[in-house]
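Counted the way our numbering counts, the sequence shown spans residues 26 to 116.
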Amino acid sequence: MKFDRFTKTAIATSGAVAFAMTMVAGEAAAADKKKMEKCYGIVAKGQNDCGTSTHSCAGQASVDNHKEEWIYVPAGLCEKIAGGSTQKPKV
Numbered sequence: 026m027k028f029d030r031f032t033k034t035a036i037a038t039s040g041a042v043a044f045a046m047t048m049v050a051g052e053a054a055a056a057d058k059k060k061m062e063k064c065y066g067i068v069a070k071g072q073n074d075c076g077t078s079t080h081s082c083a084g085q086a087s088v089d090n091h092k093e094e095w096i097y098v099p100a101g102l103c104e105k106i107a108g109g110s111t112q113k114p115k116v
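Okay, here's the thing in structure tokens:
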């Protein structure tokens, strides 16, 4: 298939725009994560964000409020929640 000059320019431009949007989205996600912190001990069963010493995946919390289970919350919020801690518990 032979592309004319306009088609080649359109393809190159759309690729560059897609790349730029990906970079902006990645930077926004990184900035958002900096405003978040792990909060231990407040997770409802099955609602954790990541693994612990007993499992390796999100969504595998087997009980409510387990001290090792955590979720990301906005920075400063965890200390306001009863039972919440930003310190990883010793196992």
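All residues carry an ideal CB built from backbone N, CA and C; glycine is no exception. The structure presented is a predicted model; accordingly, all values stated were derived computationally and were not measured.
Quick one: give me the first and last residue of the beta strand (DSSP E) that residue i is part of.
i	result
C64	M61 to Y65
P114	It is not in any beta strand (DSSP E) - P114 carries neither H nor E in the DSSP assignment.
I96	W95 to P99
Would you please state the rounded distance, in angstroms, between the beta carbons of residue i and residue j? I believe it to be under 8 Å.
i	j	result
K70	S87	7 Å
Is it the case that the Cβ atoms of residue i and residue j are separated by a distance below 8 Å?
i	j	result
N90	V68	yes
G66	G109	yes
Take residue i and list the residues in its own chain whose beta-carbon comes closer than 7 Å to its own, dropping the five residues that flank it on each side.
i	result
A56	With a pLDDT of 49 at A56, under the threshold of 50, the modelled position of this residue cannot be trusted, and the question is left open.
G76	C82
D74	A83, W95, I96 and Y97
Who are the near neighbours of residue i in its chain, counting only those whose CB is closer than 8 Å to its CB and skipping five residues on each side?
i	result
C64	W95, I96, Y97, V98, L102, C103, I106, G109, S110 and T111
S78	E93 and V116
P114	Y65, G66, K92 and E93
Identify whether residue i lies in helix, strand or coil by the three-state DSSP scheme.
i	result
I106	coil
T34	helix
Excluding five sequence neighbours on each side, which residues of the same chain lie with their C-beta closer than 6 Å to the C-beta of residue i?
i	result
R30	none
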